[in-house]
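Structure, as structure tokens:
Number of protein chains: 2
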Amino acid sequence: MEQFAEFELTKEFRDRFQQALDDRDAAFIYSSLEEVNPADITSLLYEFTSEESKYVLGLLPLQVRSRIINDLDPETRKTFLSIYSVEELTDIINHLDSDDAADILNELPIKSSEEIIAYLDPDLKSQVIDLLRYDSNVAGGLMAKELIRARANWTVVQCVDEIRKQAESVTKFYAVWVVDETDRLLGSVALQKLILTDSKTLVKDIYDEVVSVETYMEDREVAEVMKKYDLESVPVVNVQGQLVGRITIDDVVDVITEQAEEERQLMSGITEDVGEEDSLWRNVRARLPWLLIGIFGGMLSARFMGFFEQELAKVTAIAFFVPLIQATGGNVGIQSSGLVVQSLVDPNYMDEGLWKRLMKVFSVALLNGILLSLIVFASTYIFFNNDRLSVIVSFALFCVVLFSSFVGTVTPILINRLGFNPALASGPFITTTSDLLGLSIYFITVQVLI
Amino acid sequence: MEQFAEFELTKEFRDRFQQALDDRDAAFIYSSLEEVNPADITSLLYEFTSEESKYVLGLLPLQVRSRIINDLDPETRKTFLSIYSVEELTDIINHLDSDDAADILNELPIKSSEEIIAYLDPDLKSQVIDLLRYDSNVAGGLMAKELIRARANWTVVQCVDEIRKQAESVTKFYAVWVVDETDRLLGSVALQKLILTDSKTLVKDIYDEVVSVETYMEDREVAEVMKKYDLESVPVVNVQGQLVGRITIDDVVDVITEQAEEERQLMSGITEDVGEEDSLWRNVRARLPWLLIGIFGGMLSARFMGFFEQELAKVTAIAFFVPLIQATGGNVGIQSSGLVVQSLVDPNYMDEGLWKRLMKVFSVALLNGILLSLIVFASTYIFFNNDRLSVIVSFALFCVVLFSSFVGTVTPILINRLGFNPALASGPFITTTSDLLGLSIYFITVQVLI
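Sequence lines, in order, name chains A and B. When we follow the numbering used here, the leftmost residue of the first sequence carries the number 1, and every step to the right adds one. When we follow the numbering used here, the leftmost residue of the second sequence carries the number 1001, and every step to the right adds one.
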């Protein structure tokens, strides 16, 4: 079992396993999974149908079964659990921590979840009911109710007794939380301190002050607090300062990972949480909105260029530089917005004020603009041997760099102030805006200088 | 001190603090920081000059001073530490854990770091020398040497004695690692188990098997392992299976955060790790490469369109649709590559094989392409009242959607196989490629159908 980390899903094993599944060969399945870490079994299940997976899980102890179901990603779990009866679900959920139980109940149809709650073990039942009051994206929705609570006037030995009593229900913990007689959080005692302290010592003489979060704090803020203060777990208090739960770092790792994924989707212009493995229609639907906005922008551009038909007919070469102008506008816009989004996301970032920021962006754009337009002037002159055209293109390009930097910087800030995720402004949104802007600048330049 | 989490940097406090700094008012500074969490003092320091910060830190206990310096981001720390003498640095580093000490020594000029190592406490010295052998992006470079090691044939009480002995040097730990007589890792005993077990029990009867990582495992893989198995700390073993260190989840949170940041930069087309606060020149330099590639692509487009000068002169309206074609190509490319990158990054993703994947991408593109080209056909017809033009534009658009999907899907996979970060393929790279591709398709269609 030391080889836990080394379970690798080979094609041979998968085929052999599929064979065993087809034959309902319980002995083989059980013996081949007995020594495997539940987390590896979870990955394995993604390979088989819901019915097959249910059969496999049925062979495993309830404890392991619950753990595996809890590890599935929410989408898969939702489909998978639909083939379970309410009784089976109750058994599974009874073996979960309160936070995981609440998460799964939240995913089930209201009717099933109400039935299941009615049949849960009394302790878990009251904990879950308490947790279901919170939105999933605030501290209250992330926390678990299982924790070891100690009174400040207890001795160390009383603490250890309490740990013994609760050891069944609280599976993993590294500290005991210290509260006063009204349950208000005072601090914590790390387990290592408890081990090393004389058993008659009073808890109030050894506890350390702690950082806590309030139930309504947003999940990203909780993540920031835990990162900043390097915490493995953080106590959650209500508005009265009473200890109501704790959040562990693994939940926060999930928050951070999801946040990164959400950002990547926004930056790619995908509007739904979708993966390649999702249905065809979902994939189409997730992509359409930004494509349509792009098409709309493109049709606007076409109409706009229509006003300059005469100039274009006179000097066709004007059209040649439309892609150059557009691409540069888009790239500059994306780069600027990317940097702004980064600083908006970074909690260490000190807001220097919009003005100072814009001045900096302006200076960078000025330098880049000068460099790029010199290069473009030279190459246009060399390849097209037309000095007026070279002047027009390079001057327009210079303006495009300046304006797109400005738009790329200001848009995410505005979107952020309006309460949306600023990463929204770093994908197709910025590209479409920069495209239209660049084109307008170019043709106005053409109009004036030709 | 319970109000730890609530320290907020107000403008008033900052001004008052600056005043105190100007007056070198040690009493005020000390009293206002005494109750503040070191992590909050770290944020505060970003507000002041290096000299001022050094003065502030000089008033704090060495323990706190080291912790704060360790919390600074590497860039800032590098500049900041350059005003410290070797003796001062030695004192600070002597108060750090081995992994943090090694990180800081890695950032210092070789000459200083060698001098400092020579003066370090003997224990830390040998640990640090061992750690400096590893690259910073593998498990060996992430791990700390401080851990509690227990022999399998020890009793629980011997374990506790060992904890007592090491409590000074190992600040935070939740488990004791169990090894055999040749130091090979056998498993771990959680502190909670140690508390609840009779003191005469043998360690070998109570330890649990654990997942471990090897020194040369890449940091992202370590992060995946810890996420997958929900670990707060993971033991690191060498090729002989001997326990050499441990990695805690907070280090891995940093890895995950950095990874997300790196991806965002790649997606934005920024080629250096740069922030808005960096120097003007660095900001210019980080943006230039992709802008130049964009310009190069734009000039290529211009040359390419030059071949179709006659067609353009005849039907100027052809030029009107260049932005539409280009923008759609770019958007489709970015969306496709975004989804592929997501699945390449996701460890749970099962590789279905390139062919199956491409068929799916093709189907999605087919549907989107049909929808979009119908819309474009209708609007072009309405606005420009030219049936041949409408056919050309909508047919070209359809092809562009298909081809850009293909390029957007295949490029990240290729880049990934070549060993680069696939996110590289989701920014300006894909846009530039899609732009050129779209334009070629459009003009070939024009050539054939006009």
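Glycine included, every Cβ here is placed at the ideal spot set by N, Cα and C. All figures in this text were calculated on a predicted structure; none of them were measured in a lab.
Using only the heavy atoms of the ligand GDP, determine whether one of them is closer than 8 angstroms to the beta carbon of F48 (chain A). Looking at this structure, you won't find the ligand GDP or any other ligand, since it has none at all.
Find out if the Cβ-Cβ distance for the pair A1039 (chain B), D278 (chain A) is shorter than 9 angstroms. Along the second sequence, one-based indexing puts residue 1039 (chain B) at 39. Along the first sequence, one-based indexing puts residue 278 (chain A) at 278. No, these two residues do not count as a Cβ contact at 9 angstroms.
Three-way DSSP call (helix, strand, coil) for M1 (chain A) in this model: Counting from one through the first sequence, the residue named residue 1 (chain A) turns up at place 1. At M1 (chain A) the pLDDT is 33, less than 50, meaning the model places this residue with poor confidence; the figure from the coordinates comes in the next sentence. Coil, per DSSP.
Please compile the residues from chain A whose C-beta is within a distance smaller than 8 angstroms of the C-beta of I1092 (chain B). Against the second sequence, residue 1092 (chain B) aligns to sequence position 92. Residues of chain A passing the Cβ test: none, with the nearest at roughly 18 angstroms.
Look up D273 (chain A) in the DSSP assignment and say whether it is helix, strand or coil. As a first step, residue 273 (chain A) is located in the first sequence; it is residue number 273 there, counting from the start. Correct three-state label for D273 (chain A): coil.
What residue ranges within the segment 69-157 of chain A form continuous beta strand (DSSP E) runs of no fewer than 3 residues, ordered along the chain? 149-151
Out of B:D1250, B:P1289 and B:V1252, state which residue places its alpha-carbon closest to the alpha-carbon of S1268 (chain B). Locating residue 1268 (chain B) in the second sequence gives position 268, counting from the first residue. The option with the nearest alpha carbon to S1268 (chain B) is B:P1289.
Please go through the same chain and pick out, in chain order, the residues whose beta-carbon is closer than 6 angstroms to the beta-carbon of S988 (chain B), but skip the five residues on each side of it. The structure shown does not extend to residue 988 (chain B), since chain B is modelled only from 1001 through 1450, so no value can be given for it.
Buried/exposed call for Q1335 (chain B), threshold 16 Cβ in 10 Å: Sequence index remark: in the second sequence, residue 1335 (chain B) carries index 335 (1-based). Q1335 (chain B) is buried by the Cβ-count criterion.
Do A423 (chain A) and E262 (chain A) have their C-beta atoms closer together than 9 angstroms? In the first sequence, the residue the question calls residue 423 (chain A) occupies position 423. In the first sequence, the residue the question calls residue 262 (chain A) occupies position 262. Result yes, Cβ atoms of A423 (chain A) and E262 (chain A) sit closer than 9 angstroms.
Anything in the segment 1306-1328 of chain B with a Cβ closer than 7 angstroms to a Cβ of chain A? List those residues in chain order, please. G1306, E1309, L1312, A1313, T1316, A1319, F1320, F1321, V1322, P1323, L1324, Q1326, A1327 and T1328
Nearest residue (CA-CA) to T1432 (chain B), options B:G1140, B:V1407, B:K1356 and B:R1282: For the purposes of this step, residue 1432 (chain B) is identified with residue 432 of the second sequence, where counting begins at 1. When each option's Cα is compared against that of T1432 (chain B), the closest is B:V1407.
Are the beta-carbon atoms of D97 (chain A) and E168 (chain A) separated by less than 9 angstroms? As a working mapping, residue 97 (chain A) is identified with position 97 in the first sequence. As a working mapping, residue 168 (chain A) is identified with position 168 in the first sequence. Contact: no.
Which full runs of the alpha helix (DSSP H) of 4+ residues lie inside the segment 327-396 of chain A, going along the chain? 354-384
Limits of the alpha helix (DSSP H) - the one that S32 (chain A) falls within: To locate residue 32 (chain A), count along the first sequence from 1; it is residue 32. Taken as a continuous stretch (DSSP letters only), the alpha helix (DSSP H) holding S32 (chain A) covers A26 to L33.
Is there a Cβ of chain A sitting closer than 9 angstroms to that of L1402 (chain B), yes or no? What you label residue 1402 (chain B) is simply residue 402 of the second sequence in a count that begins at 1. L1402 (chain B) does not count as touching chain A.
Put I247 (chain A) into one of helix, strand or coil per three-state DSSP. The residue given as residue 247 (chain A) occupies position 247 in the first sequence. Strand, per DSSP.
Bridge partners for R184 (chain A) per DSSP, in chain order? Here residue 184 (chain A) is taken as the residue at index 184 of the first sequence, counted from 1. DSSP lists A:Q242 as partners of R184 (chain A).
Using DSSP's beta-bridge definition, name the partner residues of E263 (chain A). Looking up residue 263 (chain A) in the first sequence gives position 263. Partner(s): none; E263 (chain A) has no beta bridge.
Go to A223 (chain A), then tell me how far its alpha helix (DSSP H) extends in each direction, as first and last residue. If you number the first sequence from 1, residue 223 (chain A) lands on position 223. First-last of the alpha helix (DSSP H) with A223 (chain A): D219 to K228.
Determine contact between the segment 1164-1184 of chain B and the segment 155-170 of chain A, defined as no fewer than three beta-carbon pairs at a distance below 8 angstroms. no
Using a Cβ-Cβ cut-off of 6 angstroms (strictly less than) and excluding sequence neighbours within five positions of L57 (chain A), which residues of its own chain qualify? Start at 1 with the first residue of the first sequence, and residue 57 (chain A) comes out as number 57. Apart from sequence neighbours up to five positions away, the residues of its chain that approach L57 (chain A) with a beta-carbon distance below 6 angstroms are R65, ordered along the chain.
Span of the alpha helix (DSSP H), counted from its first residue to its last, around S1440 (chain B): By one-based count along the second sequence, residue 1440 (chain B) stands at place 440. That run of the alpha helix (DSSP H) goes P1428 to L1449.
Looking only at C-alpha atoms, which of B:I1293, B:I1295, B:G1294 and B:I1318 sits nearest to M1305 (chain B)? If you number the second sequence from 1, residue 1305 (chain B) lands on position 305. Considering only alpha carbons, the answer is B:I1318.
Given a threshold of 16 other Cβ atoms within 10 Å of its Cβ, counted over all protein chains shown, does S1136 (chain B) qualify as buried or as exposed? Locating residue 1136 (chain B) in the second sequence gives position 136, where the first residue counts as 1. By the C-beta density criterion, S1136 (chain B) is exposed, having fewer than 16 other C-beta atoms within 10 angstroms.
Let me know the secondary structure DSSP gives P235 (chain A) once reduced to three states. Start at 1 with the first residue of the first sequence, and residue 235 (chain A) comes out as number 235. Assigned with DSSP and collapsed to three states, P235 (chain A) falls in strand.
Along the segment 1276-1304 of chain B, where does the CB come closer than 7 angstroms to a CB of chain A? Name the residues. E1276, L1280, N1283, V1284, R1287, L1288, W1290, L1291, G1294, I1295, G1297, G1298, M1299, S1301, A1302 and R1303
Starting from F1362 (chain B), find everything on chain A with Cβ-Cβ shorter than 8 angstroms and list it in chain order. Reading the second sequence from its first residue, position 362 is the one you call residue 1362 (chain B). Residues of chain A with a Cβ closer than 8 angstroms to the Cβ of F1362 (chain B) do not exist; the shortest Cβ-Cβ separation is about 11 angstroms.
6 angstroms CB neighbourhood of F17 (chain A) in its chain, flanking five on each side removed: If you number the first sequence from 1, residue 17 (chain A) lands on position 17. In the same chain as F17 (chain A), and ignoring 5 residues on each side of it, no C-beta atom comes closer than 6 angstroms to its own.
T257 (chain A): contacting residues in chain E (beta-carbon distance under 9 angstroms): Considering every chain present, this structure includes no chain E. Its protein chains are A and B.
Using a Cβ-Cβ cut-off of less than 8 angstroms, list which residues of the segment 1154-1165 of chain B approach chain A; keep chain order. V1160, I1163 and R1164
Could you tell me which of A:E224, A:A150 and A:E47 sits nearest to L191 (chain A), measuring between CA atoms? Start at 1 with the first residue of the first sequence, and residue 191 (chain A) comes out as number 191. With distances taken between Cα atoms, L191 (chain A) lies closest to A:A150.
Check whether the segment 1214-1223 of chain B and the segment 1252-1260 of chain B touch, using three or more Cβ-Cβ pairs below 8 angstroms as the test. yes
Report the neighbours of T432 (chain A) on chain B: residues whose CB is nearer than 7 angstroms to its CB, in chain order. Locating residue 432 (chain A) in the first sequence gives position 432, counting from the first residue. Result: A1327.
Could you compute how far the alpha carbon of T409 (chain A) sits from the alpha carbon of L196 (chain A)? As a position in the first sequence, residue 409 (chain A) is number 409, starting the count at 1. As a position in the first sequence, residue 196 (chain A) is number 196, starting the count at 1. L196 (chain A) has its alpha-carbon roughly 55 angstroms from the corresponding atom of T409 (chain A).
For K1125 (chain B), which residues in the same chain have their Cβ closer than 7 angstroms to its Cβ, ignoring the five residues on either side in sequence? As a position in the second sequence, residue 1125 (chain B) is number 125, starting the count at 1. If we look at K1125 (chain B) and ignore the five residues flanking it on each side, its Cβ neighbours are I1117.
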